[in-house]
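Protein chains in written order, with our numbering: chain U, 28 to 606; chain R, 118 to 413. The beta-carbon is built from N, C-alpha and C at its ideal position, and this holds for glycine as well. Computed from a predicted structure; not experimentally measured. This report refers to the structure that appears directly beneath it.
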Amino acid sequence: MVDVLERPTEHLGGDDHGHDAGHGHGEHHGPSGLLNWLTSTDHKIIGMNYTVTSVAMLIIGGLFALVIRGQLTTPGGTLVSLAQYNELFTMHGSVMIYLFAGPFAFGGLANYMVPIQIGAPDMAYPRLNALSYWLYLTGSLTMLTGFFVAGGAADFGWVGYAPLSNAVNTPGAGADLWIGALLLTGFSAIFTGVNLVATIFYLRAPGMTMFRMPIFTWNMLVTGILILLAFPVLTAGLVMLYADRHFGTMIYSPKGGGSPVLWQHIFWFWGHPEVYILALPFFGMITEIIPVFSRKPLFGYKGMVFATITIAALSVGVWAHHMFTTGVVLLPFFSFMTYLISIPSGIKFFNWIGSMWGGQIVYSTAMLMSIGFLITFLIGGITGIILASPPLDFFLHDTYFVVAHFHSVVMALVLGGMAGLYYWCPKITGRFFNERIGKLQFWLLFLGSNLFIMPLYLVGLHGMPRRMAVYVINPSWQNMNRLSSIGAAVIALSFVAFVVNVIVMLKSPKTAGPNPWDAHTLEWFTTSPPPHHNFYALPAIKSERPTWDYFHPDAPALGHEDHDPTHVPGHTTKVEVPA
Amino acid sequence: MDSPTTHLADDPVSPKTSGGAKRLGIVAAALASLLLAGCQVPSFGANKGVTTQSHKVYSLWQGFMVIGLIVGGFTLLLIIYAALAYRKRSDAIPRQTQYNTKVEIIYTVIPTIIVGFLFYFTIHIESPETAVVTHPYATVNVAAFQWGWRFAYPGTQVTVIGQTTANPELVIPVGKTVRINLTSDDVVHGFYVKQFNFSRYAQPGVLNQFDFNVTTPGEWQSQCTQLCGLYHSLMYFRVKAVMPSVYQQCLTSSNSGPKLQRGPNFVSCVNEAEPSSLTAASDRTSNLTFGKGTNG
Ligand code: HEM
Ligand SMILES: [Cu+2]
Ligand SMILES: [Cu+2]
Numbered sequence: 028m029v030d031v032l033e034r035p036t037e038h039l040g041g042d043d044h045g046h047d048a049g050h051g052h053g054e055h056h057g058p059s060g061l062l063n064w065l066t067s068t069d070h071k072i073i074g075m076n077y078t079v080t081s082v083a084m085l086i087i088g089g090l091f092a093l094v095i096r097g098q099l100t101t102p103g104g105t106l107v108s109l110a111q112y113n114e115l116f117t118m119h120g121s122v123m124i125y126l127f128a129g130p131f132a133f134g135g136l137a138n139y140m141v142p143i144q145i146g147a148p149d150m151a152y153p154r155l156n157a158l159s160y161w162l163y164l165t166g167s168l169t170m171l172t173g174f175f176v177a178g179g180a181a182d183f184g185w186v187g188y189a190p191l192s193n194a195v196n197t198p199g200a201g202a203d204l205w206i207g208a209l210l211l212t213g214f215s216a217i218f219t220g221v222n223l224v225a226t227i228f229y230l231r232a233p234g235m236t237m238f239r240m241p242i243f244t245w246n247m248l249v250t251g252i253l254i255l256l257a258f259p260v261l262t263a264g265l266v267m268l269y270a271d272r273h274f275g276t277m278i279y280s281p282k283g284g285g286s287p288v289l290w291q292h293i294f295w296f297w298g299h300p301e302v303y304i305l306a307l308p309f310f311g312m313i314t315e316i317i318p319v320f321s322r323k324p325l326f327g328y329k330g331m332v333f334a335t336i337t338i339a340a341l342s343v344g345v346w347a348h349h350m351f352t353t354g355v356v357l358l359p360f361f362s363f364m365t366y367l368i369s370i371p372s373g374i375k376f377f378n379w380i381g382s383m384w385g386g387q388i389v390y391s392t393a394m395l396m397s398i399g400f401l402i403t404f405l406i407g408g409i410t411g412i413i414l415a416s417p418p419l420d421f422f423l424h425d426t427y428f429v430v431a432h433f434h435s436v437v438m439a440l441v442l443g444g445m446a447g448l449y450y451w452c453p454k455i456t457g458r459f460f461n462e463r464i465g466k467l468q469f470w471l472l473f474l475g476s477n478l479f480i481m482p483l484y485l486v487g488l489h490g491m492p493r494r495m496a497v498y499v500i501n502p503s504w505q506n507m508n509r510l511s512s513i514g515a516a517v518i519a520l521s522f523v524a525f526v527v528n529v530i531v532m533l534k535s536p537k538t539a540g541p542n543p544w545d546a547h548t549l550e551w552f553t554t555s556p557p558p559h560h561n562f563y564a565l566p567a568i569k570s571e572r573p574t575w576d577y578f579h580p581d582a583p584a585l586g587h588e589d590h591d592p593t594h595v596p597g598h599t600t601k602v603e604v605p606a
Numbered sequence: 118m119d120s121p122t123t124h125l126a127d128d129p130v131s132p133k134t135s136g137g138a139k140r141l142g143i144v145a146a147a148l149a150s151l152l153l154a155g156c157q158v159p160s161f162g163a164n165k166g167v168t169t170q171s172h173k174v175y176s177l178w179q180g181f182m183v184i185g186l187i188v189g190g191f192t193l194l195l196i197i198y199a200a201l202a203y204r205k206r207s208d209a210i211p212r213q214t215q216y217n218t219k220v221e222i223i224y225t226v227i228p229t230i231i232v233g234f235l236f237y238f239t240i241h242i243e244s245p246e247t248a249v250v251t252h253p254y255a256t257v258n259v260a261a262f263q264w265g266w267r268f269a270y271p272g273t274q275v276t277v278i279g280q281t282t283a284n285p286e287l288v289i290p291v292g293k294t295v296r297i298n299l300t301s302d303d304v305v306h307g308f309y310v311k312q313f314n315f316s317r318y319a320q321p322g323v324l325n326q327f328d329f330n331v332t333t334p335g336e337w338q339s340q341c342t343q344l345c346g347l348y349h350s351l352m353y354f355r356v357k358a359v360m361p362s363v364y365q366q367c368l369t370s371s372n373s374g375p376k377l378q379r380g381p382n383f384v385s386c387v388n389e390a391e392p393s394s395l396t397a398a399s400d401r402t403s404n405l406t407f408g409k410g411t412n413g
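Quick look at the structure:
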């Protein structure tokens, strides 16, 4: 057992790993170096592997996007062929969704932070966790291998609609590699889901009740449950797709009595929960960050927990809003469910605003990225509400308006992910990112994203369909496409700034100390980086922000509104963002 | 047009409304009237379109944009205000407010009411848009295939077929109810006419039916919107709305007057007297060079 500390004076200070009580059980005796990295079952090492791999995938997917945007700067672009264009947007979408956004969130930062946030030494099933990562890496390489086989990579869009994805319409190994990759990464996700749920239910430290869990951990619990509901359905659907392609079943083929629409149902029954599987972890990240840098508790913590649970429950009943134009789904039902789910999603904005309200907001890069998330995600949310109305979806479906809508959402996630990296980097490495480069990166990413997206809304309203290698029929779309491509170039610059900052960060000294942001949750109680098995000692857990309570012993505990919330006069602490 | 404005006015939010709820009702009624007074509201980048159905979708779009901009603008202002007004001024720890039940109830109830209105307007427009009449004036069987369109007019000999850059033309009468029976020979395609503010998938094994009423004669360039393979971006067609008399002549294909024509680049029902306003798509695509792709 680790010790429970009551007063700040007992706390281990600075870089000092040598807390007396920690000796012995804090040491890790095992292989070191490369072998350690390859064989490790430590959630922190696995989390870092996930983070590095998924950021690499983000960059690869982004490079595909740059080629796409290059092709579209002229109506009859000749940068790539029609066939290559179809491969590029398919692989862009697939890499971003399957290999970046999910693994980054629930494999990377969650893997690293969730056990520490609840005071656990590791994930519940460390070896299963390692298997998750290796399945993910294998799956990623499998998908990308598609470019090197005869016939090229998969080219039927990231949704792989039947019967375009059958063996007649898409022969070749690229499509099979795509299916194989999704099976591998799908199992990886399922195992991570099992691990998250088990860890959060069974490994919480004494005192860490469900309603004292950090909001990021809450989001990851709900994400884990959603993974377990959604991913097996996709896996089953993919097995049937593979059987259709190779074993002559006709599950998705009308010629054999099957139904192509069935694939759409299966795909979106996974696909809509997947939207929240992707979004909730990022919600969790910025919900940790905004209160910390506003120097306040999260406003409406319990309401937010219920909103998250409600979202998860409703998210399995909205899938057919992606199928409004099929003509075979009950429009009012799925529209109604989508409006319902927009309510808990929408009220989160007021939790975030309420947390800033009356605060002392420190403009760290992490905080700026979070504000950028709020604004960009707001635009995606409002346009999502428009698309939830079937008559408006008939009008906008499969145009660039939809591409713009979901990029408002996913670019917000990228901003949120960056916020998470800037926030947790000192914990993970003991080092700070450079804040000047960070702020430059923020402005490039935030302005670039919106410059890239806004023209796409307009060009979609003007009738430009998505997945068009050429638009010779309507050269008037060119100007807006060029603006959008400039925006994409600005995003690319922001990633140059990011890579530079990673290098600068890795060369900087380890000055972070355990709790540089005066933060709330347990990961900020232990050393930076945390020792093997995470803690030498734990504070008493009496509220949802044990670390804050520990460092502010004279501040009154969190209570309801009628509880006197005034703080002790003259009580101050400094949060310095290093320049 | 039957108007939800009157409906709202007859039915105030509740008999014993508080001041806030009453004000909300008034705002909502004002928004509803904005929704229907389409002409004064900006287009927000969309277009009225050329069918009676597209006009309604357009007003719905305007209403949603008005409400969306108000809600979004309000939230955006709150975000920016909070971020700027409460920037760090000292190291003092601010009040640790965590809950405020009144505020929490307000920000749950108001969004619920707003989406309630949005759903109501949605159903109000959707039901007539997706309804089909029993006896349409004209029926066209539309089949999509890789990579072209087939327009067959049941009860006549006329079938128009065009592939990729050839621009098959869907000829329909103005001012009448037109029924489309839509399906696909192979993969999923998207039947989309921008000026109709409408799209529907063409799917193998599924027959989709919908009606529309074009209000003005004209010719509109369209294309497939659902990814269907290699030549998806070149799968064009045109819609041509003509007076019912011309439409009838086209279908009977008499030797004089308008008749069905097949050119190298288009397949159409052409009235020689008024030549097409659109150039054939292939005039624009013919000088393109498409590099040889791996599986092209
Ligand atoms: C980094 C900047 C990004 C740029 C410049 C970009 C650009 C684009 C463009 C232009 C398209 C449309 C291609 C077409 O329809 O012809 C597209 C599609 C798509 N993007 Fe992105 N994107 C970016 C980031 C992301 C991210 C972060 C995600 C997800 C997390 C994402 C997910 C998708 C998906 C799912 C599609 C649809 C692919 C399909 O139609 O099958 N994108 N992107
Ligand atoms: Cu969805
Ligand atoms: Cu197509």
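Discussion item. List, from N- to C-terminal side, the alpha helix (DSSP H) runs of 4 residues or more that fit wholly inside the stretch 204-267 of chain R.
Written reply: 218-247
Worksheet item: DSSP beta-bridge partners for residue 306 (chain R)?
Response: Residue numbering aside, residue 306 (chain R) sits at position 189 when the second sequence is read from its first letter. Bridge partners of residue 306 (chain R): R:319.
Worksheet entry | Check: residue 78 (chain R) C-beta below 7 Å from any heavy atom of ligand 3 | The question about residue 78 (chain R) has no answer, for chain R in this structure spans 118 to 413.
Worksheet item: Counting Cβ pairs, one atom from each stretch, are 3 or more of them under 8 Å apart for the stretch 333-346 of chain R and the stretch 192-200 of chain R?
Response: no
Fill in: Closer than 7 Å: residue 172 (chain R) CB and nearest ligand 3 heavy atom
Sequence index remark: in the second sequence, residue 172 (chain R) carries index 55 (1-based). Residue 172 (chain R): no, Cβ never under 7 Å from ligand 3.
Practice prompt. Give, in chain order, every residue of the stretch 249-270 of chain U whose Cβ lies closer than 8 Å to some Cβ of chain R.
Written response: none
Worksheet item: Are any of the Cβ atoms in chain U nearer than 8 Å to that of residue 138 (chain R)?
Response: If you number the second sequence from 1, residue 138 (chain R) lands on position 21. Any answer about residue 138 (chain R) is weak, because its pLDDT of 49 lies below 50 and its placement is not dependable; what the coordinates show is given next. No, residue 138 (chain R) does not count as interfacial toward chain U.
Fill in: Contact under 8 Å by Cβ, residue 330 (chain U) with residue 258 (chain U)
Position 303 of the first sequence, counted from the first residue, corresponds to residue 330 (chain U). Position 231 of the first sequence, counted from the first residue, corresponds to residue 258 (chain U). Result no, Cβ atoms of residue 330 (chain U) and residue 258 (chain U) do not sit closer than 8 Å.
Worksheet item: Taking the alpha-carbon positions, what's the residue 532 (chain U) to residue 446 (chain U) distance?
Response: Along the first sequence, one-based indexing puts residue 532 (chain U) at 505. Along the first sequence, one-based indexing puts residue 446 (chain U) at 419. The alpha-carbon atoms of residue 532 (chain U) and residue 446 (chain U) are separated by roughly 15 Å.
Discussion item. I need the DSSP call for residue 311 (chain R), collapsed to helix, strand or coil.
Written reply: Here residue 311 (chain R) refers to the residue found at position 194 when the second sequence is read from its first residue. Three-state result, residue 311 (chain R): helix.
Worksheet item: Within 8 Å (strictly less), CB to CB, does residue 205 (chain R) reach chain U?
Response: Residue numbering aside, residue 205 (chain R) sits at position 88 when the second sequence is read from its first letter. Interface residue, yes.
Practice prompt. Check whether the Cβ of residue 418 (chain R) lies closer than 8 Å to any Cβ atom in chain U.
Written response: No answer is possible for residue 418 (chain R): the residues shown for chain R start at 118 and end at 413.
Practice prompt. Excluding the 5 residues preceding and the 5 following residue 252 (chain U) in the sequence, name in chain order all residues of the same chain whose CB lies nearer than 8 Å to its CB.
Written response: Working through the first sequence from its first residue, we reach residue 252 (chain U) at position 225. The answer, listed in chain order, is 220, 224 and 339.
Fill in: Inter-residue spacing [alpha-carbon to alpha-carbon] between residue 552 (chain U) and residue 546 (chain U)
Looking up residue 552 (chain U) in the first sequence gives position 525. Looking up residue 546 (chain U) in the first sequence gives position 519. Spanning the two alpha carbons is a distance of roughly 9 Å.
Worksheet item: Are residue 222 (chain U) and residue 155 (chain U) close, meaning C-beta to C-beta below 8 Å?
Response: Position 195 of the first sequence, counting from 1, holds the residue named residue 222 (chain U). Position 128 of the first sequence, counting from 1, holds the residue named residue 155 (chain U). Closer than 8 Å, so yes.
Fill in: Opening and closing residue of the beta strand (DSSP E) in which residue 461 (chain U) lies
Here residue 461 (chain U) corresponds to residue number 434 of the first sequence, with the count starting at 1. Note, residue 461 (chain U): premise wrong, no beta strand (DSSP E); not H, not E.
Worksheet item: Where do the ends of the alpha helix (DSSP H) carrying residue 138 (chain U) lie?
Response: Start at 1 with the first residue of the first sequence, and residue 138 (chain U) comes out as number 111. Residues 137-144.
Worksheet item: Taking buried to mean at least 16 other C-beta atoms within 10 Å of its own C-beta, is residue 506 (chain U) buried or exposed?
Response: Working through the first sequence from its first residue, we reach residue 506 (chain U) at position 479. Looking at its Cβ environment, which holds fewer than 16 other Cβ atoms inside 10 Å, residue 506 (chain U) is exposed.
Worksheet item: For residue 311 (chain R), which residues in chain U fall below 7 Å Cβ to Cβ?
Response: On the second sequence, position 194 is the one that residue 311 (chain R) refers to. Chain U residues near residue 311 (chain R): 490.
Worksheet item: Applying the criterion that 16 or more other CB atoms from any shown protein chain within 10 Å of the CB defines a buried residue, is residue 219 (chain R) buried or exposed?
Response: For the purposes of this step, residue 219 (chain R) is taken as the residue at position 102 of the second sequence. Label assigned to residue 219 (chain R): exposed.
Discussion item. Less than 7 Å separating the Cβ of residue 349 (chain U) from some heavy atom of ligand 2?
Written reply: The sequence position of residue 349 (chain U) within the first sequence is 322, counting from 1. Yes - ligand 2 has a heavy atom lying nearer than 7 Å to the Cβ of residue 349 (chain U).
Discussion item. Please state the DSSP three-state secondary structure of residue 412 (chain U).
Written reply: Position 385 of the first sequence, counted from the first residue, corresponds to residue 412 (chain U). Looking at residue 412 (chain U) - three-state DSSP - the assignment turns out to be helix.
Fill in: Cβ-based neighbour list, residue 180 (chain U), same chain, cut-off 6 Å, excluding 5 preceding and 5 following
Translated into positions along the first sequence, residue 180 (chain U) becomes position 153. So the qualifying residues of the chain are 114, 118, 173, 174 and 201.
Worksheet entry | Reference residue 321 (chain R); option with closest CA among R:333, R:334, R:307 and R:300 | Numbered from 1 along the second sequence, position 204 holds the residue referred to as residue 321 (chain R). Checked all of R:333, R:334, R:307 and R:300; the closest Cα to residue 321 (chain R) is R:300.
Item to complete: Give every residue of the same chain whose Cβ lies closer than 8 Å to the Cβ of residue 449 (chain U), excluding the five residues on either side of it in the sequence, and list them in chain order.
Response: Start at 1 with the first residue of the first sequence, and residue 449 (chain U) comes out as number 422. Hits under 8 Å: 391, 392, 393, 396, 460 and 465.
Worksheet entry | Within chain U, the residues that residue 345 (chain R) reaches when beta carbons sit closer than 7 Å | Numbered from 1 along the second sequence, position 228 holds the residue referred to as residue 345 (chain R). What residue 345 (chain R) touches in chain U: 191.
Worksheet item: Taking Cβ positions only, does residue 69 (chain U) come closer than 8 Å to chain R?
Response: By one-based count along the first sequence, residue 69 (chain U) stands at place 42. So no, residue 69 (chain U) is outside the interface.
Worksheet item: Taking DSSP as the reference, what is the three-state secondary structure of residue 59 (chain U)?
Response: Numbered from its first residue, the first sequence carries residue 59 (chain U) at position 32. Residue 59 (chain U): coil per DSSP, three-state reduction.
Worksheet entry | Length of the line joining the Cα atoms of residue 344 (chain R) and residue 317 (chain R) | Translated into positions along the second sequence, residue 344 (chain R) becomes position 227. Translated into positions along the second sequence, residue 317 (chain R) becomes position 200. The alpha-carbon atoms of residue 344 (chain R) and residue 317 (chain R) are separated by roughly 13 Å.
Discussion item. Run through chain U and tell me which residues come within less than 7 Å of residue 314 (chain R), C-beta to C-beta.
Written reply: Walking along the second sequence from the start, residue 314 (chain R) turns up at place 197. Within 7 Å Cβ-Cβ: 422.
Practice prompt. Check whether the Cβ of residue 304 (chain R) sits closer than 7 Å to any heavy atom of ligand 2, and report yes or no.
Written response: Taking the second sequence and counting its residues from 1, the one referred to as residue 304 (chain R) is at position 187. No; taking the cut-off as 7 Å, the Cβ of residue 304 (chain R) has no heavy atom of ligand 2 nearer than that.
Worksheet item: Would the C-beta of residue 299 (chain U) count as close to ligand 5, meaning under 7 Å from any of its heavy atoms?
Response: Judged by which ligands are present, ligand 5 is missing from the structure shown, whose ligands are ligand 1, ligand 2 and ligand 3.
Discussion item. Could you check whether the Cβ of residue 302 (chain U) sits closer than 7 Å to any heavy atom belonging to ligand 2?
Written reply: Counted from its first residue, the first sequence places residue 302 (chain U) at position 275. True, at least one ligand heavy atom lies under 7 Å from that Cβ.
Worksheet item: So what's residue 294 (chain R) in DSSP terms, helix, strand or just coil?
Response: Numbered from its first residue, the second sequence carries residue 294 (chain R) at position 177. Residue 294 (chain R) falls in the strand class under three-state DSSP.
Worksheet item: Are any of the Cβ atoms in chain U nearer than 8 Å to that of residue 414 (chain R)?
Response: Residue 414 (chain R) cannot be examined here, being either before or after the span of chain R that is shown, 118 to 413.
Item to complete: Assign residue 176 (chain R) to buried or exposed, taking buried as 16 or more other Cβ atoms, counted over all protein chains shown, within 10 Å of its Cβ.
Response: On the second sequence, residue 176 (chain R) is found 59 positions in, with the first residue counted as 1. By the neighbour-count rule (16 or more Cβ atoms within 10 Å), residue 176 (chain R) is buried.
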